[in-house]
Each structure stands twice: as C-alpha cells, then as structure tokens.
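Undergrad: Pasting a structure here, questions to come.
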Amino acid sequence: SPESLIDLWEWFEDKIVEEKMTDEEIEKMMEGKNKYEREMIKDVNTKLSTLP
20 SPESLIDLWE WFEDKIVEEK MTDEEIEKMM EGKNKYEREM IKDVNTKLST LP
C-alpha cells in the first residue's frame, strides 16, 4: 500500500542529496546519446548522491 512506503521514503530522503552535475559529468553522460536525450540531460542537470 502507499502508506507502507512512507517509512522507506523517510529513511531514503535522509540519506540522499540532490546536486548539480559538473560540466564534465554532463559531457560524459551525453556521450553516445541522440539530440533529444542530450537536451534532456542539459535540462535536468542534477544527480542524486548518498550522504557519507
């Protein structure tokens, strides 16, 4: 049920942070992608990282 995911989400959101990707990360992610995918990567230039 949706309610069962609340605890999981609360645990998860305490362990992640949204960060802006570096120019190098964006370039690497765009390698081999078509024009549409490259535009999407440029528009959504964030990544999720785990906290130490």
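Reminder that position 38 of the sequence shown reads as 57 in the numbering used here, one-by-one numbering, no gaps.
We put the CB at the ideal spot given by N, CA and C, even for glycine.
Just so we're clear, the structure is a prediction, and the values are computed from it rather than from any experiment.
1. Leaving out five residues on either side along the sequence, give the residues of the same chain with a beta carbon under 8 Å from the beta carbon of L24.
2. Whole-angstrom Cβ separation of E35 and S68, contact assumed at under 8 Å?
3. Grouping DSSP H, G and I as helix and E and B as strand, with all else coil, what is E22?
4. Reducing DSSP to helix, strand and coil, say where K66 ends up.
5. Assign E38 to one of three DSSP states: helix, strand, or coil.
TA: Taking the structure as given:
1. none
2. Here the sequence assigns Ile to residue 35, which means Glu is not the residue at that position. The pair is a contact, with the Cβ atoms about 7 Å apart (cut-off 8 Å).
3. coil
4. strand
5. strand
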